[in-house]
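**Student:** Protein sequence lines, in the order shown, are assigned to chains A and B.
Position 604 of the first sequence, counting from 1, maps to 604 under my numbering, and the rest follow consecutively.
In my numbering, each residue's number is its place in the second sequence (first place is 1) plus 739.
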Amino acid sequence: MSTDIDREKSMELPDLHMPDDAPLAGTCIRIDHPEQGLAVLVLDPPHRKKAVLDMALMRDLVSALDEIERDERLRALVITGREPLNFAVGADVKAIEAVDDNDQALALIRFGQLAFERIAKLSRHGGGRLLTVAAVGGPVPGGAYELSLACDRIVLADDPASRIGLPEVKLGIIPGWGGTQRLPRRIGVPRALNAILTGRLFKPSAAKKLGMVDRLTHPEYLLRIASDIALGRMKCRRADRGIWRWLIDRNPLAINIIKSQAEKSVRRETRGQYPAPFAALAMVVRAPKLSMDAGLLEEAERVTPLITGSITKSLVGLFGRSEEAKKLAQLPSGERAAGIGRAGVIGAGVMGGGIASLFAEKGVATRLRDLDQAAVDASVYGHRVQIDKLKKKRRIKKHEAVAAIDRLEFTTEPVGFSRCELVIEAVAEKLAIKQAVLGELASAVAEDAILATNTSSLSVTAIAEGVPHPERVVGMHFFNPVRRMPLIEIVRGEATSDDVVARTARLALAIGKTPVVVKDVAGFLVNRLLGPYLDEALRLWEGGADPVAVDEALLDFGMPMGPFELLDEVGLDIAAHAADSLQAAYGERMTKSDSLSALIEAGELGKKTGRGIYLWNPGKRDRLVKGDRNPRFSRPTGGKRPDAHLAAHEMIDRCVLAMLAEAARCLEEDVVATRGELDLATVFGMGFAPFRGGLWSYAEARGLADVRKRLEELARSPAVAERTGGAERFSPHGPLASS
Amino acid sequence: MDSRGKRIVLAAGLRLPQVRAGGAFGAEDTGHLGASAARELLARTGIDPAELDEVIVGSVGPPHDQANIGRVVGLRAGVPESVPGYTVGRNCASGMQAVTEAATRIHAGNGDLFMCVGAEAMSAYPLHFNQRATRFFGKLAGARSLGQKLSAIGSWRPAMLAPRIALIEGLTDPTNGMIMGKTAERLVRDYGISREEVDAFALESHQRAKKARDAGRFAREIVPFMPLGKNGKKGSLLHDDGIRDNQSMTALGRMRPYFDKPDGVVTVGNACGISDGATALLITTEERAAELGLKPLAAIRSWAWTGCDPARMGLGPVYSSAQALEHAGCELDDMGIIEINEAFAAQVIACRRAFSSDEFAQKKLGRSQALGHVSPERMNKNGGAIALGHPVGATGARLLLTVAHELEVSDQELGLATLCIGGGQGGAVVLERVAA
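So, in structure tokens, the structure goes:
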């Protein structure tokens, strides 16, 4: 093979993606020779706590390979990390974010591909003279796993910290360093498709079962076992597809069926907005038939435009921002805030019960109280059903399920909270009730215990009034349904201390949520933005637009559900209540549409009652009864219908730009600290199209000047200008005004 | 203050509802029952569980997968790993044993804060393969060649299907082959007790329990508990479920003797129920309780464990009470509250007769005079195990909890909790009120 040509190519690498703190050449990789014939290649970059396959490391990998290729005495190679549970956390996401030129991207991809291909060529499997073993552990995502896949055998440390897989599609790209070619060859097309399309990171036992790795061992034995296998002292069979390779992977009939099924489900889930899964799909199903060279080349060609495309930039940006959010658990001093081991939840409604259940599941001893025994019972029983489900799905082990159930205490009496480090209330949205609840708790818990409120419409500062030590009162705003929604707004009241904010953020992270710290303004951030968005949808309807058409337009825009479906989901009474409080706080521009009042009066409140804007079929997994609008949701006859024939993009602009104008005001008022957090909150809190990177990124991609122009147009348009507050809703403020 | 030094108190306690076996707690395991009671007690007292010196759990039949149920309960209740735990067993008195164990440790200067739990899930008692079947499986597992395997399979016999029932074998005294009900029938014949007497006693137990429940008396002891499994869907249990509101002499009279057919008097109606339940008590010294800000329920004045004829194990309370009273320096008449566990109505009636018999006192207790008369007004005021159930490992602790509360409710100074123990033993504890 043309190794020389390959090497030549690999040498021409652009060094512009070298990390700023890149150390001297040759320092990132160490080659040990613990015994004759064996080389152990250790990823040990001095500039990183966790190894990243950045350019500095890849550069050194190539020179290390030069050395190994020259060493005639070698017969075995082990590739491992500096510690058993610290291999490498994948490719350099920062570099991916920085590349915006297709040639550069292609060079980056080819460089990695060729380096890994050299390992494969050295390996027995690729016709080489070395038995190569990847000895990996801890997180082994993406590029780190692709490096392992180039070796003959993969030994994985059997430890809860180990996770292995190819999560690239989650960042809008596909595995580009041979992953789409080597994984299907190793484990077959169906399993490889599942692994790559879901982007899942697998636990050791699952990875072994699927054939993604060949052997598990304790972290302490990792290097010894890998060396024994490499030197042939220990047998270890490579996962082999056997007869299935011919029955499925190379059977055109089977592959076509698999392909069309997968395409259908990808199309359903992405609404065609994400190209990466389709690219991955195309590569994986053809992998068994392509030669490695051709496969790698095509892989590189397909991944290149994805890397430079806006979707990946958006998703990588969001990934970075959610990593940033983890720093909220730090105190200003840089120290990590104290964790919460025991928590209380007051109010066993849907929210309180959900919060208590999640706390208990995630390891926090939790005490739930409600005055009503039946409400408590329903929550506790719901918790047990939920935990049982997780156990049945093998997401948690039996003893973990037992502990999760044990951890949820319950009572109807005001006793047993004294040792709680945080108590959150989720009682009725009435200021006096919440004040009373927190007031009672204040004397029941330690002085430094956090008193959190899950209010969505009241002021945290007002709730804290009169509570001794108000610096410990904080808003911890969960979204419904608690388990599914990934965002928690941490609301800083006027008196709330930094320590309390950081401890609350740490709890949010501990239970698997992403925190965003927001100012104590009406609606906080997410509901304040949703207000004009949902109201504008109702205005469109008043103006003659068809709800189904509006919903479809916004689905296509990338929202997880249309505004009318969302209203039904939230509950029309709750939406109206939220709208009222926004109107009270912000005045004219939040003037509420009256169009829901007939439904609310009739008690048809949305999904929960089976009838709302639409008619719901509760039996069938909450799917819409086909095309059926509730006849009670009807416009008064007569009047103008200016919005009856709007194009989809016009409907989108009305809803989304109404929200965007409000977002600009939020930035002006410092409701969130950064635009990045605004993006994060909109994606995680309302499901705003992740491929657009969030609401503000969308505005920037469109151009702020263009957005302002469009806002001014809308403000002047008759449908908007003629109603109270309409023009004000669309008037550009803050960063939009100055653009 | 007793002669041995520090005054030991029941600093706090609570119990779960006691439930007929195979019923609402059908999916329970002992660990969950015990840990739920202990966890709730920790929450309510607000003590730091790391301060505990030990978790001691009394249980008669811990599940085979929770052999040291003491440790399991501790860890599942959220007690830190650093606090050890162990299991004690003295049949029906195991829960009481846990408490006297703690008291003994305190006297010995070996700790002063103990979580004592009595827990039993009789629903979970298994059926075992018999010895022949066990040998069969052993042979099968050991067979290597095909011939050996075939020969092993060929040795199978239908008799191997007959299970050994842990519940029945557990309630049978292995030294004399008598199941507990038979020992009660022994006392019936010894003391000439009639069917009417025992049925009337059983009826009274239900009536008293019903009255106490309706008056809210048990709310002082019981915390609501949601059973595991599908039964949880119906919500939390707030009360013991063995109390029969409509129990009557006619209904009791219709039941057939269970242990001694056809002439016996012990029926399932006048014996205690087979039940599930758990009671948790925090045992410490008076000073430590004050430091922890706890207002004790009662103090332990004295206790005694005694042995007697296994065939007449039901008389155990008389022997042990005599000794405990002597240690306490009191007379039976000083006891304002008396709880005698109702293993069998006949057995309690026999005890009462022995308590007031001079002859028994002279022959068996080495006293010149009878201990005294156990008047019905001060005995088992809220009913007993016949109505409330008898989760064997839990009952000893439950009796102490009941007496401790009853001292305050009935405004009495001293109380006696005593019970008979399979194998021919008795246990008794004298409690006294703690000045508020």
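Think of the CB as a built atom: it goes at the ideal place given N, C-alpha and C, for glycine as much as any other residue.
All figures in this text were calculated on a predicted structure; none of them were measured in a lab.
Looking at the C-beta of ARG419(A), does it have a partner C-beta in chain B at a distance below 9 Å?
**Tutor:** It does; some Cβ of chain B falls within 9 Å.
**Student:** Around the C-beta of ASN985(B), are 16 or more other C-beta atoms found within 10 angstroms, so that it is buried, or is it exposed?
**Tutor:** That one is exposed.
**Student:** DSSP puts LEU216(A) in a beta bridge; with which residues?
**Tutor:** According to DSSP, LEU216(A) bridges with LEU156(A).
**Student:** Indicate the three-state DSSP secondary structure (helix, strand or coil) for ARG533(A) in the structure shown.
**Tutor:** Contrary to the premise, residue 533(A) reads as Tyr rather than Arg in this sequence. Residue state, collapsed to three classes: helix.
**Student:** Just to check my reading of the structure: MET485(A) and THR504(A) have Cβ atoms closer than 8 Å, yes? What is that Cβ distance to the nearest angstrom?
**Tutor:** Between THR504(A) and MET485(A) the Cβ distance is about 17 Å, and since that is not below 8 Å, they are no contact.
**Student:** Let me see if you follow: with CB-CB separation under 9 Å, is GLU820(B) close to chain A or not?
**Tutor:** No, its Cβ sits nowhere closer than 9 Å to a Cβ of chain A.
**Student:** Check MET917(B) in the structure and name its three-state DSSP category.
**Tutor:** Correct three-state label for MET917(B): coil.
**Student:** Would you mind stating whether TRP244(A) and GLY188(A) have Cβ atoms separated by less than 9 Å?
**Tutor:** Yes, the Cβ-Cβ distance between TRP244(A) and GLY188(A) is below 9 Å.
**Student:** Within its chain, find whatever has a CB closer than 7 Å to the CB of LEU358(A); leave out the 5 residues flanking it on each side and keep chain order.
**Tutor:** Excluding positions up to five away in sequence, the list reads VAL482, ARG483, ILE511.
**Student:** Measuring only between beta-carbons, confirm whether PHE410(A) sits less than 9 Å from chain B.
**Tutor:** True, the Cβ-Cβ gap to chain B drops below 9 Å.
**Student:** Please decide whether ARG407(A) counts as near chain B, where near means a Cβ-Cβ distance under 9 Å.
**Tutor:** Taking Cβ atoms only, chain B reaches closer than 9 Å to ARG407(A), which makes this a yes.
**Student:** Consult DSSP for TRP1042(B) and reduce its assignment to one of helix, strand or coil.
**Tutor:** Strand.
**Student:** Using 9 Å as the limit for Cβ to Cβ distance, is ALA939(B) near chain A?
**Tutor:** By this cut-off, ALA939(B) is not an interface position.
**Student:** PHE93(A) lies in the alpha helix (DSSP H); which residues open and close that run?
**Tutor:** The sequence as given places Val at residue 93(A); Phe does not occur at that position. 93 to 98 is the span of the alpha helix (DSSP H), which, as asked, contains VAL93(A).
**Student:** Taking the runs of the alpha helix (DSSP H) that are 4 residues or longer, which of them lie wholly in the stretch 167 to 243 of chain A?
**Tutor:** Here the runs fully enclosed are 179 to 187, 189 to 198, 204 to 210, 222 to 230.
**Student:** Below 6 Å CB to CB, which residues in the same chain sit around PRO735(A) once its five sequence neighbours on both sides are set aside?
**Tutor:** Counting only Cβ-Cβ distances below 6 Å, and skipping sequence neighbours, we find ALA664, LEU667.
**Student:** With 9 Å as the C-beta to C-beta threshold (strictly closer), list the residues of the stretch 969 to 987 of chain B near chain A in chain order.
**Tutor:** Per Cβ criterion, the list reads GLY971, LYS972, LYS973, GLY974, SER975, LEU977.
**Student:** Name the DSSP beta bridge partners of ALA1037(B), please?
**Tutor:** According to DSSP, ALA1037(B) bridges with LEU749(B).
**Student:** To the nearest angstrom, how far is it from the Cα of ASN630(A) to the Cα of GLY544(A)?
**Tutor:** Whole-angstrom Cα-Cα distance: 16 Å.
**Student:** From PHE564(A), ILE387(A), ARG215(A), pick the residue whose C-alpha is nearest to that of PRO547(A); which is it?
**Tutor:** Closest option to PRO547(A), Cα to Cα, is PHE564(A).
**Student:** Counting only beta-carbon separations shorter than 9 Å, does ASP370(A) have a partner in chain B?
**Tutor:** Not one chain B Cβ lies under 9 Å of ASP370(A).
**Student:** Quick one: which chain B residues come within Cβ less than 8 Å of GLN373(A)?
**Tutor:** Under the 8 Å cutoff, chain B gives PRO963, GLY974, SER975, LEU977.
**Student:** For the pair the stretch 1036 to 1052 of chain B and the stretch 921 to 929 of chain B, tell me if three or more CB-CB distances fall below 8 Å.
**Tutor:** Because the criterion of three Cβ pairs below 8 Å is met, the stretch 1036 to 1052 of chain B and the stretch 921 to 929 of chain B touch.
**Student:** Reducing DSSP to helix, strand and coil, say where VAL1113(B) ends up.
**Tutor:** Reduced to three states, the DSSP call for VAL1113(B) is coil.
**Student:** Quick one: Cα of LYS745(B) to Cα of ALA842(B), how far?
**Tutor:** In a straight line, the C-alpha of LYS745(B) is about 10 Å away from that of ALA842(B).
**Student:** Name the two residues that bound the continuous alpha helix (DSSP H) containing PRO756(B).
**Tutor:** That residue, PRO756(B), is in no alpha helix (DSSP H); it is neither H nor E in DSSP.
**Student:** Taking contact to mean at least 3 C-beta pairs separated by less than 8 Å, is the stretch 142 to 156 of chain A in contact with the stretch 107 to 125 of chain A?
**Tutor:** Yes: the two stretches touch, three or more of their Cβ pairs being nearer than 8 Å.
**Student:** Roughly how many angstroms lie between the CA atoms of ILE1013(B) and GLY968(B), to the nearest whole one?
**Tutor:** When rounded, the distance between both Cα atoms is 20 Å.
**Student:** On the DSSP bridge list, what partners appear for SER123(A)?
**Tutor:** According to DSSP, which records beta bridges pairwise, SER123(A) is partnered with LEU130(A).
**Student:** Can you give me the Cβ contacts of THR3(A) inside the same chain, cut-off strictly under 6 Å, excluding the 5 residues immediately before and after it?
**Tutor:** The predicted position of THR3(A) is uncertain, since its pLDDT is 42 and thus under 50; a value taken from the coordinates is nonetheless stated next. So no residue of the chain qualifies.
**Student:** When burial is assigned at 16 or more other CB atoms within 10 Å of the CB, is SER742(B) buried or exposed?
**Tutor:** At SER742(B), the pLDDT of 42 sits below 50, so the modelled position is not reliable; the number obtained from the coordinates is stated separately. Looking at its Cβ environment, which holds fewer than 16 other Cβ atoms inside 10 Å, SER742(B) is exposed.
**Student:** For TYR997(B), collect the residues of the same chain with a Cβ closer than 8 Å to its Cβ; drop the 5 residues on either side in sequence, then sort them by chain order.
**Tutor:** Correct list, in chain order: GLY920, GLY1003, VAL1005, THR1006, VAL1007, ALA1010.
**Student:** So does the stretch 677 to 689 of chain A actually touch the stretch 319 to 326 of chain A, counting three or more Cβ pairs closer than 8 Å?
**Tutor:** Result yes; three or more Cβ-Cβ pairs closer than 8 Å.
**Student:** Does the distance from the C-beta atom of ARG729(A) to that of ASP653(A) stay below 9 Å?
**Tutor:** Contact: no.
**Student:** Since LEU166(A) contacts GLY178(A) with CB under 8 Å, what's their CB separation in whole angstroms?
**Tutor:** About 10 Å separates the two Cβ atoms, so there is no contact after all.
**Student:** Could you tell me the boundaries of the alpha helix (DSSP H) in which ILE1088(B) lies?
**Tutor:** It spans 1084 to 1094 - the alpha helix (DSSP H) in which ILE1088(B) sits, taken as one unbroken run.
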